[in-house]
Amino acid sequence: MYKTIRKPIITIASVLLLNGCAAVADSMSKMAGIGVVTEEVSTFDNATIVNMSPAFLHAEGSWGNNIKLGARWSSKSPDYAALVLSYSSDVSSSRSAYLNLSGLDINIDGKITSYKTGRLTNHEGSDYNNVTRTIYTKSENAVVVPYSILEQMVEAKDCRLRIHTSKGYEDAQFSIERIPGGQGTAILPMREFVANINSKTGKL
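Converting from the sequence shown to my numbering requires adding 2 to each position, the first position being numbered 1.
Below, the structure is given as structure tokens:
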């Protein structure tokens, strides 16, 4: 009898443990400001602005992409959303510290659309750290897409991204929900982001 029920108990315990680890990883990401959905009201025009801080992307065969994905939406332009591309690095040479982000291709269940960034990439960085011999930098830019495209992205069976940079391109499978090890990817907070907006526009 013991041998018969032991395996299911171990399996259930393993699932609960993995789910618990994933929840802890997601909680730690939120604390670190990764994939956090926030809302504010503009003091300039009273527009409601919904933000999602950049979160991890993933492609099969890797442990996560170098570029994160975030988003921004304003009630003044409800039919569009900005997808924020963010790259962080810690390097010993300023020559390789920054990355220019120039565009994004979105493949939704086989249908591909392409978007270009509308401005130069914003570069931020710290001074050279003599102790760690490291420069910490961030490169950030955004593409504006129809809001309907963003809705299709989170609902798609298979959504893939190709991010164009000054060093070539980086592919990501947006529909994958977790990086190996349990860390949640950008699609999870993006669903929250979309649900938040749809509750304001009456789509829910």
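Ideal placement from N, C-alpha and C gives every residue a C-beta, glycine not left out. Note that the structure is a prediction, hence the values are computed from the model and not measured.
Secondary structure of residue i, DSSP reduced to three states
| i | result |
| --- | --- |
| residue 149 | helix |
| residue 203 | helix |
| residue 104 | strand |
| residue 189 | helix |
| residue 38 | coil |
| residue 82 | strand |
| residue 194 | helix |
| residue 62 | coil |
Which residues DSSP lists as bridging residue i, in chain order
| i | result |
| --- | --- |
| residue 178 | DSSP lists no partner for residue 178. |
| residue 75 | 52 |
| residue 173 | 164 |
| residue 43 | 50 |
| residue 140 | 90 and 126 |
| residue 115 | 108 |
Presumed contact (8 Å Cβ cut-off) between residue i and residue j, rounded CB distance
| i | j | result |
| --- | --- | --- |
| residue 143 | residue 59 | Not really, about 15 Å apart at Cβ, beyond 8 Å. |
| residue 107 | residue 163 | 7 Å |
Checklist line | Three-pair Cβ contact test at 8 Å for the region 138-151 versus the region 188-195 | finding: Not touching, per the Cβ criterion.
Notebook entry, point to check: Between the region 108-124 and the region 37-47, are three or more C-beta pairs nearer than 8 Å?
Noted result: The region 108-124 vs the region 37-47: no contact.
Margin query: Check whether the region 64-72 and the region 196-205 touch, using three or more Cβ-Cβ pairs below 8 Å as the test.
Written below: Flag = no, the region 64-72 and the region 196-205 do not touch.
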